[in-house]
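The next block holds one structure in the form of structure tokens; read it before the comments.
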Amino acid sequence: MKLLQRTNRTYLLFSVLLLIIAGLFLYHLLAGVIEDEITEKLIVDKERIVQKLRAGEPVPHLPPIIEVETLPTHDVKSLSVSDTVLFDPVEEEREPFREVRAIEVINGKSYQITLRHVALESHDYYNSIGLALTIVLLLTLTGLWFINRTISKSLWKPFHNNLKALSNFALDQERPIALQQSTITEFAELNRAIEELTERVRSDYHSMKEFTGNAAHEMQTPLAVIRATLEEALQTDGITREQATLIASAYGSSQRLAKLNQSLLFLAKIENRQFASVEDISLSQAVQHVLESMQELVLTAGLTLETTIDSEFITRAHPMLVDTLLSNLVGNAIKHNRPEGLIRVELRANLLRILNSGHPLEVDPMTLLNRFSKASQSSDSLGLGLSIAQKICQNYNWNIRYTTDREWHILTVEF
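Going by our numbering, the sequence shown opens with residue 4, and the numbers climb by one from there.
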């Protein structure tokens, strides 16, 4: 929900509540004022009738509005005000009346003077006040809506422009993020916080990028020297079998360390989004290219490869990352297969499935997508191949799943 909609909804609820309270207050206020005015008018009319009786003039007799009766006895002078309901012959229905009843002694005679005035019914008050307040509410809300809509376009323009700039912000861009300045204090503070945050992120990114490059260069050189030295040691005359075994073990460990270094550096580059450029890539062609390049490994392992490619799906990504993803998935199917096993590669629309026969897993298949996770700790695998594949998928918001079905291991990527 947009902020303006939330604000308008709050205004609406508050206005309705306020007008209900105001309506109840106004009802009681107006009812009291009108009753007082009617009572005052009836008392004034009563005084006029008294004056006419003193002057011996005839007085009107209009029941139930005006009733003047002569009493047989001299009663004490009195005045009472009350509400009553009587039949009105004009309206032909029972109506509420405000009644003033007075007993006056005039020229030695006692008179009972009764004056009545039709009172407004409560539903008349409610209808009138409700209609008036509804009109006021509609006019107020309509005015607020137009005012908010007109003002918000100019007030929120810097915010929307800055939000767009933030969405387009890239860690590897050369210049700092350019935000539209605003005279509104909250927006100015937000701009300042965004600028400081993006500068820290850019600085950390460039530091990490520099470290990655330095590590790649500085670690590869000593590893190459170690491998060359070990190779030379293996070719030295006079070494014993035990020494040769130890040197070969050290050489294998150095090879493993070099491979681990390359994999971790590659992961760091993916996480730092150093593969920013993208282009249109045909998945069918990419899959066929990887399968052709790994055909020799499939034959050497004594495996059978089946392919089903039913689509020409195009995705946008970095070519190297797509090639690495497919190579790691197919390589995993080759490495963790059983003798004379089967690999099946299926590509339908935007769905890629790679199935391979293998041994049942003792762990949750999805945990093998985590870094350094392996089905067996005795395996010589680094446990980074599927982790790199998952990181590539996360980089492009692709969905990767690892499931099993009896002896089948299934890796699914939804592009």
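Every residue gets a Cβ at the ideal spot worked out from N, C-alpha and C, and that includes glycine.
In this text, all values refer to a predicted model and were calculated from it rather than measured experimentally.
Contiguous beta strand (DSSP E) elements confined to the region 214-286 occur at 282-285, taking only those with 3 or more residues.
The shortest C-alpha to C-alpha distance from LEU147 to any of LEU332, ILE229, PHE316 and LEU15 is the one to LEU15. One Cα belongs to ILE138, the other to ILE24, and the distance between them is close to 16 Å. Of all alpha-carbon atoms in THR232, ALA261 and ASN264, the one lying nearest the alpha-carbon of ILE250 is that of THR232. Of the other Cβ atoms in all chains shown, 16 or more fall within 10 Å of the Cβ of SER257; this residue is therefore buried. Collapsing the DSSP output to three states places THR307 in a strand.
The beta carbons of PHE90 and ARG119 sit about 12 Å from each other, so the pair does not count as a contact at 8 Å. Going by beta carbons, ASN11 and ASN171 fall outside the 8 Å limit.
Cβ atoms of VAL293 and SER330 come within 8 Å of each other, at about 5 Å. Counting only runs that start and end inside the region 285-373, the beta strand (DSSP E) elements of at least 3 residues fall at 307-312, 317-320, 345-351 and 354-360. Excluding the 5 residues flanking it on each side, TYR254 has same chain C-beta neighbours closer than 8 Å at ARG230, LEU233, GLU234 and LEU237, in chain order.
According to DSSP, TRP148 shares a beta bridge with no other residue. If you draw a straight line from the Cα of LEU166 to the Cα of LEU174, it is about 16 Å long. For PRO99, the pairing in a beta bridge is given by DSSP as VAL88. Within the model, the alpha-carbon separation for TRP401 versus SER314 is close to 18 Å.
DSSP links VAL416 through a beta bridge to LEU355 and ILE403. By the CB criterion at 8 Å, LEU56 and ILE132 fall outside the cutoff. A check of alpha carbon separations from PHE214 across LEU268, ILE37, ILE403 and HIS321 identifies LEU268 as the nearest. In this structure, the alpha-carbon of PHE418 lies about 13 Å from that of LEU324. Taken atom to atom, the span from the alpha-carbon of PRO67 to that of THR87 is near 11 Å. In this structure, GLU199 sits away from ILE180, with a CB-CB distance that is not shorter than 8 Å.
One alpha carbon belongs to ARG205, the other to LEU263, and they sit about 27 Å apart. Contact between GLU102 and SER85 holds: CB atoms are separated by about 5 Å, below the 8 Å threshold.
Around the beta-carbon of PHE17, fewer than 16 other beta-carbon atoms lie within 10 Å, marking it exposed.
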